[in-house]
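Residue numbers (the UniProt record's numbering): 1 to 1022.
Positions of the beta carbon are idealized from the N, C-alpha and C atoms, including for glycine.
Accompanying notes for the structure given below.
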C-alpha cells in the first residue's frame, strides 16, 4: 500500500472516487490487505441515497459480529450512488455514533460536492492513486504477448494509465495486431466502454463541456467562461476528480482530456466544421492573450485566420520551439498561403522539421534560402549545418558552418554557429579546432550575455574538455550549460546537455547517477517531439543500463533508437548499433555482434565519425579474434590509430585482447599498461578495471593474475558493474589455488550471469591453461572429472588408486599417514610390499588427475614423506564446497542478509546430491564425513524452510521441511513445524496425514507421540 493510501485509510472516513474502470474496488482490497473489513452488499449501499443517517449506524451494528473490538476495522461501501451535499453531511455526522475503532470507506464514481468543513472530515483518494505507471502498462501488455516498449509508451500516453482502458487497448492490440494507433475506432471495446460506462452517466451540460474540451488543449476554467459554460468551473473540478480530465497547467486551472477519451468524445459529441471553426476562433485570442502560444497557433490555424497564425510564428517562433511546439509550427506554416511564407518563417519551419527528425524537408527549406547566397548568415548557417550534424555527417556540417559569416553585432546565432562548429570537430577528433571554436563561442556568448548563447558555448567547452581528458573541466562546463539552458527555458538544449552529462557519468562508472540524469532528458524529448535528441538520450540510457548489467533494458533503449535514426536517415544509427553489438558479444552471440558492428562501420566510416567508428572497430576486432586473428589485429590497430579522447582505452584494450588471443602475451601486457594510463586520464574506472583484467590474463604467474583480477573485481563492484564483476568472480574461482569462498561466490555469480543470458567465462579465452581442472564428486555417487570430462572406470587401471582418492577425499585436505593408508587399502599385509603398492597407486592416481603432466607432481596430491593429502585448493571437492557454501549461507542468515543467504543455501542444497559416498556406504573411514555432511545438510534445509516461512512461501517451506524429514524422520521439532505450516495454510487433510506419519515414526523408535497441540507449539528448530 502506498504511504498516501495508508494514511488516508487510517482516517475515520475515506472517499475513493474515480470514473468507471479505474479499479477502485480492486485498489481498496489491495490497500486493506488482510486487515479486518466488512464489505456491504449492493442493497445496503443503494439505501444510502434514500435512508437517513441511522442507516450507517445500523450497518455498523450488523457488521459488529464479524469485526474485532480491540483493533481498527473497516466498513466498505462500494459503488455508492450520487449523494447530495446535505445527505453526505448527515452521513458524516453519523460517524460519531459508530464504534471508535471502525473506519468507513466510501467507493463511488460520483465526486461529491464538498464544503470546506466536509473536506476536512475525510480523506479522498482518486485517479492519481489508481493510474497505472508505464512499467505496469508494459507488464500488462506482456501478459497479452505484447513486448514492444514503444507500444506500451503509446498506450500509456493515450490512456493516461486508466486501468480498464489499458486492458481493453491491450486486448484490441493483441487481437488485431495493431500498433496502438486505432484503439478508439468505432465499435472497439474501448469506445463502447467509455460511451456506456462513462458518458452515459454525465448530464447533457457536461456533454457540451466535453465536446468543447475535446478540441481545445489545454482547456482552462477562464476559457470555459468565455465559451459560455455557466457551471464550467464546477464541472471541470468534477471531471478532474473522476479522472476524465488531467491537470495541465502549473496554476491548477488548466486541464487536458485523457487522449482516448477526447477521441471518442469528438465522435460522440460532434461539431460541424463551421462549429469547430467558430470554437477555435473564440479560443485563439484568449490563448494568445494568456501566453498559451502553441494552443493559440493551433486555434488560429483551425479557425482559418492565417494572418494571426503568421504573426504568432513571426513574433514567438523561438519560444514555440523551445516549448516543444515543433509539430504546431510545421502544421501552421504548411497552412499558410505562399505569399505569407517569409524567409524568417522558412527558417523557423526548417528548424521545426529538424526537431521532429524530418531532415529532408528541413534541408529543402534551408537549401532554398542558401542557394541565393554564397556566404550564409550565422542563423541560417548553424541551423542548416546542424541537420547534417544530426544526420551523422560531420564533414558536410563543417562545410555549411564554414560558409557562415558571423553577425556584425553580438548575437546568440554567432555563439551557436561557433559552438556547433566545435561539436562537429569533436566528432571528427580535431582537438585543436574544437578547442578554438569552443573558446570563441564562449567569447561570443559573453558578448551577448544571453542564457541560450551561454548554454551552447559551455556545452561546446564540455565536449572539448572531454576530448582532452579534462574531466573536471567537462563537469564544470556541463553544470554551467545546464544552468543557463534552464534559465533560458530552452528545452532542446536542456535535453542535449542532460544526455551529454549522462554520457560523461557513464564514462566515469557512475551509472546510477547517469540514469537519474538521462531519464528526464528522455521524457522531455519524448514529450516535446525532439526525435534526434530522443535517440541520443536513449543511447546514453542504454549504455548506463548495459554497464549495470540490465541487459533487457539496454536492449530496449537501443532498439527504440535504431528506427528513430533510420527514419531520419541519420548515420548516427551507428551509436545504438554498437550498443546492440556489445550486448550480443557479452552474451556470446558472436555472429549477431559481428553483424551489428559491421553495420555500424558501414554507417560511420563514410563520414569519418571517429567517436563511434573507434568503438565499432574495437568491438569487431574482439569478436573476430578467435577465428581470424590477423584481421582482428589489423582492425584493433586501426582503432588505436584513429582513437581520440575517451575511446583511447577502448581501442587499446581491444588490441590487447586480440594480442592475447593470438598468443602474444608480451604485447598484451604492454598494451594493458597504456590502456590503464588512458583510463586514468579520462577517469574511466570500468576501462581501468578491464585493463587490470587484461594485465592479469597476460601474466605468467598465477599469483600476479589473482592480484590483478581481485583488484579489478573490487573496482567493478564499487561502480555497480554487476555483470563484469560476476565474470571476474567466476574467473578467479577457476585459477589454481582458488579458496573455497571464491568458489562459493563464483557459483552465485554464475547463476546471476545465467539469469542475464551471459555465458560464464573460461580461462581458455584468457591464455593457455596452467593446470587441469579437477572435480571430485563424493555426495551421492563417486565421480571424477578432468577438464569437464568424467574419468571412466577403465582409466583408473587399479581400483586401489580410486580407493586412495576416496580416502583422501574423506579427510578433506588433512594429511593421512602412509601406514594408516596402507592398512586401509591392504589390511594385514606385509608393510614392505604395502609401501611399494601405495607408491604405485599414488603414481596411477596422479596420472589420472593430470594425464598430460601439465602441473608439478604435488599439485593435486601432496606427498610429504610420512603422509599424503589431497590439495583442496587445486581440486574442487564437492563435500568441501558444500560445507563452505553452507557455512557462508548460515552466516549470512545470522547477519540478516536473507536474500544472499537463501541464494547461498540453495546452492548448497543443490550440491548435496546424496549422502557422502552413498554408493559404498560400509567403509568405516567414510562414516564421520558422511554423518557430518548429513548434519550440515539438515541445518541447511531447516534454515531454508525458516527463510521461506518468513517470506510467506508456503510451498517452499513445506518442500524443505519434507526434505528434512526424509533424512531425519524422528525429529519432533521438524514434524511439529511441518504440521503447523500445513494447518496455517488451510491444508488440513495433509496436516492430518503428516500427524499420522509422525506417530508412526515415533512408534518405530519406541517414543510416545505428543498430542498434536503440544507438538505444533514446540519450538524445536530454526
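Task: Pick from 38, 130, 895 and 957 that is closest to residue 65, judged by C-alpha positions - done: 38
Open item on the list: Let me confirm a value: residue 368 is counted as buried when at least 16 other C-beta atoms fall within 10 Å, else exposed. Which label applies?
Closed with: exposed
Open item on the list: Quick check on the burial criterion: 16 or more other C-beta atoms within 10 angstroms. Buried or exposed for residue 147?
Closed with: exposed
Task: Cα-Cα separation, residue 969 to residue 1000 - done: 10 Å
TODO: Note down, in chain order, each residue of its chain lying with its Cβ closer than 8 Å to the Cβ of residue 232, except the 5 sequence neighbours on either side.
DONE: 209, 221, 224 and 225
- [ ] Kindly list the residues whose CB is nearer than 8 Å to the CB of residue 905, restricted to its own chain and excluding five residues on each side of it in sequence; keep chain order.
- [x] 885, 886, 889, 890, 893, 940, 943, 944 and 947
Task: Three or more C-beta pairs below 8 Å linking the segment 593–601 and the segment 571–579 - done: yes
TODO: Could you check if residue 952 is buried or exposed, using at least 16 other CB atoms within 10 Å of its CB as the buried criterion?
DONE: exposed
Task: Three-state class that DSSP yields for residue 782 in the structure shown - done: coil
Task: Cα-Cα separation between residue 782 and residue 827, rounded to whole angstroms - done: 23 Å
TODO: Please report how far the alpha carbon of residue 254 lies from the alpha carbon of residue 229, in whole angstroms.
DONE: 15 Å
Task: Cβ-based burial, residue 163 [other Cβ within 10 Å; buried from 16] - done: buried
Task: Closest by C-alpha distance to residue 392, when choosing among 916, 1005 and 571 - done: 571
TODO: To the nearest angstrom, report how far apart residue 830 and residue 820 are at their CA atoms.
DONE: 13 Å
TODO: Apply the 10 Å Cβ neighbour rule to residue 191 and answer buried if 16 or more other Cβ atoms are within range, or exposed otherwise.
DONE: buried
Task: Beta carbon of residue 235 nearer than 8 Å to that of residue 198 - done: no
Task: C-alpha gap between residue 931 and residue 690, whole angstroms - done: 45 Å
TODO: Just tell me which of 379, 534, 375 and 67 has its CA closest to the CA of residue 350.
DONE: 379
Task: Distance between residue 806 and residue 967 (C-alpha atoms, nearest Å) - done: 23 Å
Open item on the list: I'd like the ranges of any beta strand (DSSP E) spanning at least 3 consecutive residues and lying wholly in the segment 98–170.
Closed with: 102–108 and 123–125
Open item on the list: Which residue marks the beginning of the beta strand (DSSP E) containing residue 570, and which one marks its end?
Closed with: Segment: none, residue 570 is in no beta strand (DSSP E) and carries neither H nor E.
- [ ] Verify whether the separation of the beta carbon atoms of residue 27 and residue 243 is less than 8 Å.
- [x] no
- [ ] Starting from the C-beta of residue 518, find all residues in its chain whose C-beta is less than 7 Å away, skip the five residues before and the five after it, and write them out in chain order.
- [x] 498, 499, 502, 537, 540, 541 and 544
TODO: Select from 625, 508, 986 and 276 the residue whose C-alpha is nearest the C-alpha of residue 715.
DONE: 508
Task: Buried/exposed call for residue 719, threshold 16 Cβ in 10 Å - done: buried
Task: Best match in 416, 395 and 396 for proximity to residue 1023 [C-alpha to C-alpha] - done: Outside the shown range of the chain (1 to 1022) lies residue 1023, about which nothing can therefore be said.
Open item on the list: In this structure, how does DSSP classify residue 329 when only helix, strand and coil are distinguished?
Closed with: helix
Task: The beta strand (DSSP E) enclosing residue 39, as first and last residue numbers - done: 37–39
- [ ] Could you check which residue in 300, 310, 260 and 11 has the C-alpha nearest to that of residue 337?
- [x] 310
TODO: Excluding the 5 residues preceding and the 5 following residue 654 in the sequence, name in chain order all residues of the same chain whose CB lies nearer than 7 Å to its CB.
DONE: 618, 621, 622, 636 and 639
Task: Neighbourhood of residue 54 by C-beta distance below 6 Å, restricted to the same chain and skipping five residues each side - done: none
- [ ] In the DSSP assignment, find the unbroken beta strand (DSSP E) run with residue 876 in it and report its ends.
- [x] 875–877
Open item on the list: Which of the three DSSP states is assigned to residue 550 in this structure?
Closed with: coil
TODO: Classify residue 673 as buried or exposed, calling it buried when 16 or more other Cβ atoms lie within 10 Å of its own Cβ.
DONE: exposed
Open item on the list: In this structure, how does DSSP classify residue 379 when only helix, strand and coil are distinguished?
Closed with: helix
Task: C-beta atoms of residue 686 and residue 696 nearer than 8 Å - done: no
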